[in-house]
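Asks: Numbering (this note's numbering), first residue to last: 2 to 380. The beta carbon of each residue, even a glycine, is placed where N, CA and C say it ideally should be. A single structure is presented below for examination.
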């Protein structure tokens, strides 16, 4: 949905139906999608909303719905999924304090059930005033909020841990996960994303290994970490951890999986204020660009020239013309120095292939200076 610029909205006790529904061009989660909340409970909530009107506060919600809805597991799940966000409570405060509201409301119900119409005799007394100030409080930290949200809904909805770092993650990986279908059996590629489900398995010799899902903003893939790799990196293979994986494509099964060759946690640090991690900056260069000699058509060279021209900077570019013999290196002139940005690396990889671009920490020894004609051809 993100790729199509369609927002997916969290469940809402006042807006959601049983299942997913369109909402002003967006898509709204249904209440039945919330973990631990069955369709019978949802139908009860929807019936109360239709009969008695929208829920104005959490107390109003508790008084309008059937008592069976107010069980602890259901209230926790709806809260952590964001179903009460529109009533303007923080999820953490409501999660920690909802029983201070449900307990007196249920006490009212029990009093009614045994025929106590009034505490003072005669006609039924007004409902007891309940102080909702007990629901005031700070929100979960963003990573914890999103982790709870994913646990309840199966995916991140209101935000995603990768959104703030997607460009920088792209700079240290080869392709997005949606592009893995272009790989051949045995191809090696470096990808990045956030760890989903993790399953521990054992070989016939009793050695532990892991199968885990790695997801980015475009898709996901199963990763196999065989015993040696798992033993070395087990502490990293944890749900919701951001990793990079260098892996070999394995197409022998029913679907593509990657066999992990290297697993690493990018060096991420907290930036000022937004709660999202920021990735390590791209090294300053030079930028090494591999171009197969057989692909050097006028069209490709023109697109390469235009791409470099839109990312001018101070990082030198070295083009390696790949043929059967030793590659020929062409160091481009200062007019083609680039900014080395994640966006540039991403576009170059889309143009030339996943492994065609890398940033050298130290500049390699250049080959003999090309003839003026060769240098001009790249320009």
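Quick check: the segment 68 to 83 against the segment 140 to 160, are at least 3 beta-carbon pairs closer than 8 angstroms?
Replies: Cβ pair count under 8 angstroms is three or more, so yes.
Asks: For a test of the three-state rule: what should DSSP assign to residue 330, helix, strand or coil?
Replies: Against the chain shown, residue 330 aligns to sequence position 329. Looking at residue 330 - three-state DSSP - the assignment turns out to be strand.
Asks: Tell me the DSSP secondary structure of residue 352 in three-state form.
Replies: Locating residue 352 in the chain shown gives position 351, where the first residue counts as 1. In this structure, residue 352 counts as helix in the three-state DSSP scheme.
Asks: Check whether the segment 186 to 205 touches the segment 164 to 176, counting contact only when three or more Cβ pairs, one atom from each stretch, lie closer than 8 angstroms.
Replies: A contact exists between the segment 186 to 205 and the segment 164 to 176.
Asks: In chain order, which continuous runs of the alpha helix (DSSP H) of length 4 or greater are located wholly inside the segment 287 to 336?
Replies: Qualifying alpha helix (DSSP H) stretches, in chain order: 299 to 310.
Asks: For the alpha helix (DSSP H) holding residue 43, just list the boundary residues, first then last.
Replies: For this step, residue 43 is matched to residue 42 along the chain shown. Residues 40 to 53.
Asks: Residues bridged to residue 210 by DSSP?
Replies: Here residue 210 corresponds to residue number 209 of the chain shown, with the count starting at 1. BP columns for residue 210 point to 202.
Asks: Please go through the segment 119 to 194 and give each complete alpha helix (DSSP H) segment of 4 or more residues, from N-terminal end onward.
Replies: 143 to 154, 167 to 172
Asks: Taking DSSP as the reference, what is the three-state secondary structure of residue 238?
Replies: Reading the chain shown from its first residue, position 237 is the one you call residue 238. In the structure shown, residue 238 sits in coil (DSSP, three-state: anything other than H, G, I, E or B).
Asks: Based on the DSSP secondary-structure assignment, which residues constitute the bridge partners of residue 259?
Replies: Start at 1 with the first residue of the chain shown, and residue 259 comes out as number 258. 224, 250, per the DSSP bridge assignment.
Asks: Measuring only the C-alpha atoms, how far is residue 55 from residue 13?
Replies: Position 54 of the chain shown, counted from the first residue, corresponds to residue 55. Position 12 of the chain shown, counted from the first residue, corresponds to residue 13. Between residue 55 and residue 13, the C-alpha separation is close to 11 angstroms.
Asks: Do you know how far the Cα of residue 349 is from the Cα of residue 305?
Replies: Counting from 1 along the chain shown, the entry for residue 305 is found at position 304. Counting from 1 along the chain shown, the entry for residue 349 is found at position 348. If you take the alpha carbons of residue 305 and residue 349, they lie about 8 angstroms apart.
Asks: Kindly list the residues whose CB is nearer than 6 angstroms to the CB of residue 329, restricted to its own chain and excluding five residues on each side of it in sequence; keep chain order.
Replies: As a first step, residue 329 must be located in the chain shown, where it is residue number 328. Here the set comprises 322.
Asks: In angstroms with no decimal places, state the Cα-to-Cα distance between residue 237 and residue 208.
Replies: Counted from its first residue, the chain shown places residue 237 at position 236. Counted from its first residue, the chain shown places residue 208 at position 207. So the alpha carbons of these two residues sit roughly 18 angstroms apart.
Asks: In terms of DSSP beta bridges, what is residue 266 paired with?
Replies: Taking the chain shown and counting its residues from 1, one reaches residue 266 at position 265. In DSSP, residue 266 forms no bridge with anything.
Asks: When you compare only the Cα positions, how much space is there between residue 264 and residue 224?
Replies: Mapped onto the chain shown, residue 264 falls at position 263. Mapped onto the chain shown, residue 224 falls at position 223. Straight-line Cα distance between these residues: approximately 10 angstroms.
Asks: Taking its Cβ as the centre, do 16 or more other Cβ atoms sit within 10 Å of residue 288, making it buried, or is it exposed?
Replies: Taking the chain shown and counting its residues from 1, one reaches residue 288 at position 287. Answer is buried; the Cβ neighbour count reaches 16.
Asks: So, are the CB atoms of residue 131 and residue 51 less than 7 angstroms apart?
Replies: Counting from 1 along the chain shown, the entry for residue 131 is found at position 130. Counting from 1 along the chain shown, the entry for residue 51 is found at position 50. No.
Asks: Assuming the contact rule is C-beta atoms closer than 8 angstroms, residue 91 and residue 138 should be a hit. Round their C-beta distance to whole Å, please.
Replies: Taking the first residue of the chain shown as 1, we reach residue 91 at position 90. Taking the first residue of the chain shown as 1, we reach residue 138 at position 137. Rounded, the Cβ-Cβ distance is 6 angstroms, consistent with contact.
Asks: Taking all protein chains shown into account, do 16 or more other C-beta atoms lie within 10 angstroms of the C-beta of residue 30, making it buried, or fewer, making it exposed?
Replies: Walking along the chain shown from the start, residue 30 turns up at place 29. It is buried - the Cβ of residue 30 has at least 16 other Cβ atoms within 10 Å.
Asks: Residue 312: buried (16+ other C-beta within 10 angstroms of its C-beta) or exposed?
Replies: One-based indexing of the chain shown puts residue 312 at position 311. It counts as buried.
Asks: Name the DSSP beta bridge partners of residue 216, please?
Replies: The count along the chain shown starts at 1 and reaches residue 216 at position 215. Answer is 195, 221.
Asks: Look at the alpha carbon of residue 97 and the alpha carbon of residue 195, and state the distance between them as a whole number of angstroms.
Replies: In the chain shown, the residue the question calls residue 97 occupies position 96. In the chain shown, the residue the question calls residue 195 occupies position 194. C-alpha separation (whole angstroms): 28 angstroms.
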